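Position 521 of the sequence shown, counted from 1, bears residue number 521 in full-length UniProt numbering, the numbering being contiguous throughout.
All C-beta atoms in this analysis are idealised placements derived from N, C-alpha and C, irrespective of residue type, glycine included.
None of the values given here were measured: they were computed from a predicted structure.
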Amino acid sequence: MLNIREFVALAQRRPEVASSSFAEWLSDTFAIYNTEQVPQVASNAVLLKFNNGQLQSQDGQWRIPVSRPGWFDIGDVGPGGLPTKLSSTNLLGHWKFWSPESSDFISGAMRSLVTSSGTCSLDLGVPVFAQHPKLMIRECYSWVGVPSPSAILPIWERYENLNHARDDAALQELLISFDDSGLLPSQGCDMLEREKFTEMLTDLRGKRALVTSTSNLPKLITEDDLLAIFQTDDRPDATYVLGHPRPDADSACSALFEAVRRKVLYPERPVHTWCEYVPPEVKYILGPQFSSLLSRVAKPRNYHNIVLVDCHKTEACFRMGVRSIIDHHIIRKKFAPYVSISHEVSWSSTIQVYVKILGSGLDLAPSLAKILLEATRLEAEPGLMKYMSNLDRLAVKRLESIASTAATYSDLMHVMTEASCPQELFYKDYKETNFGFAVIKSRQALGSQIHALATTNNTNHHLPLTIVKEVLYRDGFVAVKSETILIVSNPEYHDKGFTRSVLDVVALACRQFHGTEAVSLFDKGVLVAEAKYQTPRLLLMPLIEDIVTEHLRFAYSPALDKFMSIGFYSGQAKTYSIPGEDQIVFAGLSYTNVAQFLSDSVRMSILTLPEYWKVYQDFEARGLTYAITSLQCPRFVEVLDTLILDSHRLVHGAISSNKDNKKEIQLAHPIQSARPALIRAEDGDLVTGLPRKLYSADTYGDSSLWRYWTPDTPPSPSDHNLGVQESPTVATRGHIFVMNQTCLDLKVHVNESTQFLTFRPIYDDIAEIRYVVEPAESWIRLKMLPRLFSLTG
């Protein structure tokens with residue numbers, strides 16, 4: 001760990017070390033004593049005593065200005081890294097500072113971020129036993145080698161560009177010609193980075209083995225190797241390979257074979273694979289022995305390393321442990337730089353894992369090649385294989401030659417469609433991003449039951465949309481008899497052309513893929529008759545995701561009869577930042593600035609404090625979790641249109657162009673002081689906006705509690721000038737960074753501007769969804785036209 005002096009010196013040279021994602025402990029600790037007798041405390045704690053407005057150590061080496069809080073310039077510090085001058089007000093670029101305060105405990109030094117002021121902070125008064133969600137320890141080393149850039153990166157970038165362009169000739173030339181010696185960095189690279197570069201090289205070598213038909217690889221993976229992963233003891237440093245929830249054959253078998261690859265490569269590392277359950281078709285493919293072993297593996301813990309296969313999302317408790325991803329879907333989400341990612345639109349994840357096996361200098365024994373081949377065959381109808389990439393075809397051909405015999409697609413489908421329970425069929429092949437998409441492969445139509453299942457899925461998973469693709473096959477599964485794509489939107493969400501847009505885009509894609517004559521529309525979906533094969537979800541899902549993303553940029557509140565922007569004003573005239581985006585927005589506004597921006601707007605406003613509680617409670621009751629997440633967005637301080645004039649008077653709607661919306665509230669009792677207290681969103685009064693009940697600020701561990709501050713010294717009406725403050729304060733909804741806790745702050749002055757302070761537009765009405773579709777060979781390209789609003793009009 002760094003101490004205060006070391007960290008401040010580093011931050012002066014490299015400001016980016018002051019993370020906006022995590023807070024961190026520094027190594028210095030302090031103990032305050034108030035008597036002549038020096039207490040016995042931990043040997044490394046600095047003993048401090050108050051003296052002339054400072055906290056001083058016995059030897060005089062530590063002189064800490066007393067401030068709760070103050071602001072300081074990180075470029076103006078003493079030899080120990082502590083501020084020499086403090087300001088009582090926030091100045092641009094200054095850090096917030098707290099000195100040690102209590103003699104009841106030993107306090108530690110913490111470097112953090114203050115969302116409300118948009119500044120970094122140095123707090124020397126945090127109890128050393130404090131535990132907060134974003135409080136971390138930074139690894140520090142006495143020496144590391146000078147990092148050398150990996151030579152594989154430009155080759156990998158060229159490979160990805162050629163693969164995206166589907167330039168098979170150039171891709172094959174690259175794979176054959178690149179020199180794989182010396183591509184991995186020799187120094188200055190930690191283990192995770194090295195593994196990431198190694199996985200890149202493994203992918204390239206595996207694809208070269210396919211292109212050149214390389215045989216006689218050094219080792220075959222056998223059934224004994226597969227058994228070994230089930231005989232490994234569990235340890236905290238174990239790696240678990242996981243597929244997606246409700247795994248299909250591709251997910252379960254890909255995870256199993258990636259686990260055995262890692263076990264063979266790194267025999268000293270424990271590795272396991274776990275899946276939620278083993279479906280019948282996977283039991284058929286694996287056989288009774290491996291199926292039984294797989295079903296007995298215990299779920300991983302939150303401290304294990306995680307490899308994701310056939311997916312790139314996982315439970316929240318596992319996210320920090322993700323080390324590698326293998327997915328045959330395009331990944332748009334960003335991950336930590338050390339995570340190795342193998343993703344491209346390919347036939348299946350089984351093929352991607354097989355490529356990695358070959359690239360590791362391994363191959364499969366016939367019995368294992370049979371398993372992987374059968375899982376690959378089950379991914380889609382044989383007729384779709386003409387859409388495979390050249391590398392995918394080479395992989396399947398190689399597996400076929402090794403396995404020599406395997407179950408046919410028809411055999412496998414007979415097993416897979418034996419289930420008759422509608423719910424089991426619905427979730428057998430279900431994926432979820434910002435909407436749900438179930439593929440039901442069956443021998444007879446389920447009829448109206450599908451719509452009921454999709455409706456329930458929307459409600460239970462808080463989704464705006466569930467798509468159900470029901471595929472009926474001819475006898476023997478030799479061809480698709482019909483395909484019905486049902487579109488079920490959630491009535492709790494607004495529409496504004498959403499359902500129709502999804503229906504029209506799906507129809508256009510199906511017509512481009514199957515031909516116009518085969519496709520017809522009905523009121524809730526698309527019917528494809530006499531199709532040779534089904535419409536690939538792999539291609540259809542990204543199109544719908546784009547429409548859903550635009551749809552979810554707003555939320556309608558019946559309580560206000562208005563539309564709420566999910567994003568915030570980003571400091572530009574026509575675009576709004578959306579929660580979850582990586583870019584950091586520095587709007588730097590004050591309430592006065594916002595009032596000037598919106599002074600001429602007749603159809604845009606911001607929420608008052610009572611309206612904030614109304615929409616919050618409204619969205620919570622209707623299960624609109626995406627809107628609730630935005631209302632608690634941790635990246636912005638949201639200014640609300642509620643002024644606190646004094647201890648008895650509030651004004652709501654002062655900015656509104658409609659003067660009827662402006663309401664002055666006279667309180668019967670003064671605002672109850674909170675510096676701070678805790679509140680619950682459900683206790684927000686829908687008239688005054690003030691919380692009806694306060695809880696002790698010392699309550700920890702309850703995520704439903706918000707932090708709450710009132711003005712420091714709200715005057716009463718009987719005070720001078722009738723109690724009106726020279727600068728009224730304004731209500732803001734913010735976030736306590738280190739605690740990862742939402743807060744309500746009533747003490748921000750109307751002219752006070754901070755980096756993260758901005759506003760959320762509220763609209764009387766919004767336009768319908770718009771887009772442009774272009775044909776692209778046997779598919780379509782979709783370009784969304786985002787609904788952008790100017791600040792006036």
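Inset, instruction - For residue 495, I'd like the list of residues in its chain whose CB is within less than 8 angstroms of its CB, leaving aside the five on either flank, ordered along the chain. - result: As a first step, residue 495 must be located in the sequence shown, where it is residue number 495. 489.
Inset, instruction - Evaluate the contact criterion for the segment 348–358 versus the segment 390–408: three or more CB pairs, one atom per stretch, below 8 angstroms. - result: yes
Inset, instruction - Excluding the 5 residues preceding and the 5 following residue 371 in the sequence, name in chain order all residues of the same chain whose CB lies nearer than 6 angstroms to its CB. - result: Residue numbering aside, residue 371 sits at position 371 when the sequence shown is read from its first letter. If we look at residue 371 and ignore the five residues flanking it on each side, its Cβ neighbours are 285.
Inset, instruction - Give me the Cα-Cα distance between residue 721 and residue 787, rounded to the nearest whole angstrom. - result: Taking the first residue of the sequence shown as position 1, residue 721 is located at position 721. Taking the first residue of the sequence shown as position 1, residue 787 is located at position 787. Legend: pLDDT at residue 721 = 44, less than 50; position of this residue unreliable, no value from coordinates given.
Inset, instruction - Over the uninterrupted beta strand (DSSP E) stretch that includes residue 559, give me the two end residues. - result: Start at 1 with the first residue of the sequence shown, and residue 559 comes out as number 559. Counting along the chain, residue 559 falls outside any beta strand (DSSP E), and DSSP gives it neither H nor E.
Inset, instruction - Identify which residue in 612, 282, 271, 328 has its Cα closest to the Cα of residue 538. - result: What you label residue 538 is simply residue 538 of the sequence shown in a count that begins at 1. The shortest Cα separation from residue 538 among 612, 282, 271, 328 belongs to 328.
Inset, instruction - Mind checking which residues open and close the beta strand (DSSP E) that includes residue 745? - result: As a working mapping, residue 745 is identified with position 745 in the sequence shown. Start and end: 741–749.
Legend entry - DSSP bridge partner residues for residue 767 (one or two, in chain order): Here residue 767 refers to the residue found at position 767 of the sequence shown. Partner(s): none; residue 767 has no beta bridge.
Legend entry - CA nearest to the CA of residue 669, picked from 692, 131, 238, 654: Here the question's residue 669 lines up with position 669 in the sequence shown. The shortest C-alpha separation from residue 669 is found at 692.
Legend entry - Where residue 374 sits in the DSSP three-state scheme: Walking along the sequence shown from the start, residue 374 turns up at place 374. Residue state, collapsed to three classes: helix.
Inset, instruction - Could you check the C-alpha separation between residue 430 and residue 314 for me, to the nearest Å? - result: Taking the sequence shown and counting its residues from 1, the one referred to as residue 430 is at position 430. Taking the sequence shown and counting its residues from 1, the one referred to as residue 314 is at position 314. So the alpha carbons of these two residues sit roughly 15 angstroms apart.
Legend entry - residue 7 Cβ short of 7 angstroms to the ligand NAD heavy atom set: The ligand content of the structure shown is nil, which means the ligand NAD is not present either.
Inset, instruction - Would you mind working out which of 122, 164, 177, 74 sits nearest residue 25, comparing C-alpha positions? - result: Indexing the sequence shown from 1 puts residue 25 at position 25. Cα-wise, what sits closest to residue 25 is 122.
Inset, instruction - Please classify residue 303: is it buried, with 16 or more other beta-carbons within 10 angstroms of its beta-carbon, or exposed? - result: Counted from its first residue, the sequence shown places residue 303 at position 303. It counts as exposed.
Inset, instruction - Mind listing, in chain order, the continuous beta strand (DSSP E) runs of no fewer than 3 residues lying wholly within the segment 46–70? - result: 54–57, 63–65
Legend entry - residue 163 in three-state terms, based on DSSP: As a first step, residue 163 must be located in the sequence shown, where it is residue number 163. In the structure shown, residue 163 sits in a helix (DSSP, three-state: H, G or I).
Inset, instruction - Under 8 angstroms by Cβ, that's how I've got residue 468 and residue 450 pegged, so tell me the actual separation to the nearest angstrom. - result: Within the sequence shown, numbered from 1, the residue matching residue 468 stands at position 468. Within the sequence shown, numbered from 1, the residue matching residue 450 stands at position 450. Indeed, because the Cβ distance is near 5 angstroms, the residues count as touching under 8 angstroms.
Legend entry - Of the listed residues 509, 362, 154, nearest to residue 183 (C-alpha basis): As a first step, residue 183 is located in the sequence shown; it is residue number 183 there, counting from the start. When only C-alpha atoms are compared, the closest one is 154.
Inset, instruction - State the Cα-Cα distance for the pair residue 345 and residue 168, rounded to the nearest angstrom. - result: In the sequence shown, counting from the first residue as 1, residue 345 sits at position 345. In the sequence shown, counting from the first residue as 1, residue 168 sits at position 168. Their Cα atoms are separated by approximately 14 angstroms.
Inset, instruction - Using the Cα positions of residue 425 and residue 443, report the straight-line distance between them to the nearest angstrom. - result: Position 425 of the sequence shown, counting from 1, holds the residue named residue 425. Position 443 of the sequence shown, counting from 1, holds the residue named residue 443. So the alpha carbons of these two residues sit roughly 11 angstroms apart.
Inset, instruction - In the DSSP assignment, find the alpha helix (DSSP H) that holds residue 253 and state where it starts and stops. - result: Position 253 of the sequence shown holds residue 253. It spans 249–265 - the alpha helix (DSSP H) in which residue 253 sits, taken as one unbroken run.
Inset, instruction - Indicate the three-state DSSP secondary structure (helix, strand or coil) for residue 755 in the structure shown. - result: The residue given as residue 755 occupies position 755 in the sequence shown. Three-state DSSP puts residue 755 in coil, outside helix and strand.
Legend entry - Straight-line Cα distance separating residue 590 from residue 574: Here residue 574 refers to the residue found at position 574 when the sequence shown is read from its first residue. Here residue 590 refers to the residue found at position 590 when the sequence shown is read from its first residue. At residue 574, the pLDDT of 48 sits below 50, so the modelled position is not reliable; the number obtained from the coordinates is stated separately. The alpha-carbon atoms of residue 574 and residue 590 are separated by roughly 19 angstroms.
Legend entry - Cβ-based burial, residue 664 [other Cβ within 10 Å; buried from 16]: The count along the sequence shown starts at 1 and reaches residue 664 at position 664. That one is exposed.
Legend entry - Sequence-distant residues of the same chain with beta carbon closer than 7 angstroms to residue 290, five excluded per side: Within the sequence shown, numbered from 1, the residue matching residue 290 stands at position 290. Cβ neighbours of residue 290 beyond the five flanking positions: 226.
Inset, instruction - Would you check if the segment 613–625 and the segment 559–566 touch, i.e. whether three or more CB-CB distances between them fall below 8 angstroms? - result: yes
Legend entry - Secondary structure of residue 305, DSSP reduced to three states: Position 305 of the sequence shown, counted from the start, is the residue given in the question as residue 305. Reduced to three states, the DSSP call for residue 305 is strand.
Legend entry - Where residue 16 falls, given that 16 or more other Cβ within 10 Å makes a residue buried: Working through the sequence shown from its first residue, we reach residue 16 at position 16. Residue 16 is exposed by the Cβ-count criterion.
Inset, instruction - Out of 45, 44, 82, point me to the one whose CA is closest to residue 54's CA. - result: Working through the sequence shown from its first residue, we reach residue 54 at position 54. Comparing Cα positions, the closest option is 82.
Legend entry - Inter-residue CB distance, residue 199 and residue 324 (contact presumed, cutoff 8 angstroms): Taking the sequence shown and counting its residues from 1, the one referred to as residue 199 is at position 199. Taking the sequence shown and counting its residues from 1, the one referred to as residue 324 is at position 324. Yes, they are in contact, since the Cβ atoms of residue 199 and residue 324 sit about 6 angstroms apart, within 8 angstroms.
Inset, instruction - Measure the CB-CB distance between residue 175 and residue 207 and report whether it falls below 8 angstroms. - result: Position 175 of the sequence shown, counting from 1, holds the residue named residue 175. Position 207 of the sequence shown, counting from 1, holds the residue named residue 207. Yes, they are a contact pair.
Inset, instruction - At 3 residues or longer, and completely inside the segment 646–686: list those beta strand (DSSP E) runs for me, N to C. - result: 649–652, 663–666, 677–680
Legend entry - Burial state of residue 674, where buried means 16 or more other Cβ atoms lie within 10 Å: Looking up residue 674 in the sequence shown gives position 674. Buried, because 16 or more other Cβ atoms sit within 10 Å of the Cβ of residue 674.
Legend entry - Option in 499, 541, 646 with minimal Cα separation from residue 522: Residue mapping note: residue 522 aligns to position 522 of the sequence shown, counting from 1. The shortest C-alpha separation from residue 522 is found at 499.
Inset, instruction - Taking 8 angstroms as the cut-off, decide whether the C-beta atoms of residue 413 and residue 441 are in contact. - result: For the purposes of this step, residue 413 is taken as the residue at position 413 of the sequence shown. For the purposes of this step, residue 441 is taken as the residue at position 441 of the sequence shown. Yes, the pair counts as a contact, with Cβ atoms nearer than the cut-off.
Legend entry - Identified DSSP bridge partners for residue 30: Here residue 30 refers to the residue found at position 30 when the sequence shown is read from its first residue. For residue 30, which the question treats as bridged, DSSP gives the partners 46, 107.
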